[in-house]
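**Q** Going line by line, the protein sequences match chains A and B.
Our numbering applies: residue -15 is where the first sequence begins, and numbers increase by one.
Our numbering applies: residue -15 is where the second sequence begins, and numbers increase by one.
Protein chains: 2
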Amino acid sequence: MKNITNARGYPIGRMSQKTGVNIETIRYYERIAIMPKPDRTGGGNRQYNDDQLKRLFFIRRSRELGFSIEEIRALLVMVDRNDFSCVEVHDLTVAHLASVKEKIASLKKLESALTVMVVECNRGDVPGCPIVDALFEMA
Amino acid sequence: MKNITNARGYPIGRMSQKTGVNIETIRYYERIAIMPKPDRTGGGNRQYNDDQLKRLFFIRRSRELGFSIEEIRALLVMVDRNDFSCVEVHDLTVAHLASVKEKIASLKKLESALTVMVVECNRGDVPGCPIVDALFEMA
DNA sequence: ATACGATCTGTAGTAGCTACAGATGCAAGG
DNA sequence: CCTTGCATCTGTAGCTACTACAGATCGTAT
């Protein structure tokens, strides 16, 4: 006697709804092997189980946090070994955090440079365009 | 009597040195038509002039400021019309600035989420890994 | 039985380069 | 004049992380 409800697992569209990950992206994740090849129905449609659903949530959450696919792959390898060490995970996350901080820092530089340019230009009473002038600077 | 110094223009490697733009990238810019097709030597090597050098500086500076290629293309169209209006340039820059601000905001969210995770994990005296737990959250 | 939506595979496109391979060009030294 | 060796040439493929088809098949409700 099978549990009718989920005996056949989730089709890909259901996975997509539940996790918010695009169907094409789920298949992409399978192709690059961060999602396993799921079971198939007789006709060839994918049938996912709860472990796979959990894994897909993990991937989505990690992507939301800005981890690259390769970082996620590394995280999943750790998680897949049941004895993964928290230290490895911690280090990877710290490294990622550092790169996020770097990105913020460089965007802030852009922000101030652009702000200066916009303000200069806004004055309007100058001949030529200060923004264009700034862009032509060969510094 | 020609001016020997620059009579033949700059070869691509010289352009690269002067601007800091990779040779392959310069050729790429030509392919996507934000740089014009330069003159060629008898043998077929590119020979750039000072206008083109100036243009390449403009592109590099714009890229440094985070403008996309399409934005730069638009900027160049404006600049190429000698009567470009400062308003258009201003608007494009303001829009770009807004998108930079958005990126900063979303990176800051990542930063705080990641910081929380790292701090939690650093405590070390918890069973399992708080980071992994956080990543498995299906929120 | 049929209709209709879900899913299938495979390929190509996106941004903005970068990295070759394999063939030439060019300039200086002998 | 010839060689050596770096610079440059074209054309194509790769990178990240998806997304968007086309054209075919599956699955299920009526």
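Where is the CB? At the ideal position from N, CA and C, for every residue including glycine.
Pair every Cβ in the region 25 to 35 of chain A with every Cβ in the region -9 to 10 of chain A, then say whether three or more of these pairs are closer than 8 Å.
**A** Yes: at least three Cβ pairs fall under 8 Å.
**Q** Quick one: is R45(A) near chain B, going by C-beta distance under 8 Å?
**A** Start at 1 with the first residue of the first sequence, and residue 45(A) comes out as number 61. Cβ-Cβ to chain B under 8 Å: yes for R45(A).
**Q** Quick one: list the residues of chain A neighbouring G50(B), beta-carbon separation under 7 Å, in chain order.
**A** Position 66 of the second sequence, counting from 1, holds the residue named residue 50(B). Residues of chain A passing the Cβ test: L94.
**Q** Between the Cα of S96(B) and those of L49(A), V116(A) and I115(A), spot the shortest distance and give me the residue it belongs to.
**A** Taking the first residue of the second sequence as position 1, residue 96(B) is located at position 112. Among L49(A), V116(A) and I115(A), the Cα nearest to that of S96(B) belongs to L49(A).
**Q** Do the CB positions of M19(B) and R44(B) come within less than 8 Å of each other?
**A** Within the second sequence, numbered from 1, the residue matching residue 19(B) stands at position 35. Within the second sequence, numbered from 1, the residue matching residue 44(B) stands at position 60. Their beta carbons are not under 8 Å apart, which means M19(B) does not touch R44(B) by this criterion.
**Q** Are the beta-carbon atoms belonging to I16(A) and T77(B) less than 8 Å from one another?
**A** Start at 1 with the first residue of the first sequence, and residue 16(A) comes out as number 32. Start at 1 with the first residue of the second sequence, and residue 77(B) comes out as number 93. No, they are not a contact pair.
**Q** In chain A, what lies closer than 7 Å to I88(B) by C-beta?
**A** Here residue 88(B) is taken as the residue at index 104 of the second sequence, counted from 1. Chain A residues near I88(B): I88, L91, K92 and E95.
**Q** Any beta-carbon of chain A closer than 8 Å to the one on M19(B)?
**A** Numbered from its first residue, the second sequence carries residue 19(B) at position 35. Not an interface residue.
**Q** At 8 Å on the CB atoms, spell out the chain A contacts of I115(B), in chain order.
**A** As a first step, residue 115(B) must be located in the second sequence, where it is residue number 131. Per Cβ cutoff of 8 Å: C70, V73, H74 and T77.
**Q** Tell me where the alpha helix (DSSP H) around L81(A) begins and ends.
**A** By 1-based counting over the first sequence, the position of residue 81(A) is 97. Looking at the DSSP string, the run of the alpha helix (DSSP H) that includes L81(A) is C70 to N106.
**Q** Measure from the alpha carbon of V5(B) to the alpha carbon of each residue in E55(B), D64(B), M101(B) and F41(B), then state which is nearest.
**A** Start at 1 with the first residue of the second sequence, and residue 5(B) comes out as number 21. Cα-wise, what sits closest to V5(B) is F41(B).
**Q** Chain A beta carbons: is any one of them nearer than 8 Å to that of N(-13)(B)?
**A** Your numbering for residue -13(B) matches position 3 in the second sequence. Interpretation of N(-13)(B) is limited by its pLDDT of 34, a score under 50 that renders its predicted location unreliable; no figure is taken from the coordinates.
**Q** My guess is that F120(A) and H80(A) are in contact by the Cβ rule of under 8 Å, so how many angstroms apart are they, rounded?
**A** Residue numbering aside, residue 120(A) sits at position 136 when the first sequence is read from its first letter. Residue numbering aside, residue 80(A) sits at position 96 when the first sequence is read from its first letter. F120(A) to H80(A), Cβ: 37 Å. No contact.
**Q** Quick test of the definition: if touching needs 3 or more C-beta pairs under 8 Å, does the region 53 to 69 of chain A touch the region 55 to 65 of chain B?
**A** Result no; under three Cβ-Cβ pairs closer than 8 Å.
**Q** For a contact defined as C-beta to C-beta under 8 Å, what are the partners of V84(B) on chain A?
**A** Taking the second sequence and counting its residues from 1, one reaches residue 84(B) at position 100. Here the neighbours are L91, L94, E95 and L98.
**Q** Just the Cα atoms here: how many angstroms apart are S90(B) and K85(A)?
**A** Looking up residue 90(B) in the second sequence gives position 106. Looking up residue 85(A) in the first sequence gives position 101. Spanning the two alpha carbons is a distance of roughly 12 Å.
**Q** Determine the direct distance from the alpha carbon of H74(A) to that of V124(B), and round the result to whole angstroms.
**A** No statement about residue 124(B) is possible, as the shown extent of chain B runs from -15 to 123 and does not include it.
**Q** Could you tell me if Q1(B) is buried or exposed, where buried requires 16 or more neighbouring beta carbons within 10 angstroms of its beta carbon?
**A** Translated into the one-based positions of the second sequence, residue 1(B) becomes position 17. Counting Cβ neighbours within 10 Å, Q1(B) comes out exposed, since fewer than 16 surround it.
**Q** How about V63(A): is its C-beta nearer than 8 Å to some C-beta of chain B?
**A** The sequence position of residue 63(A) within the first sequence is 79, counting from 1. Yes, V63(A) lies at the interface with chain B (some Cβ there is under 8 Å from its Cβ).
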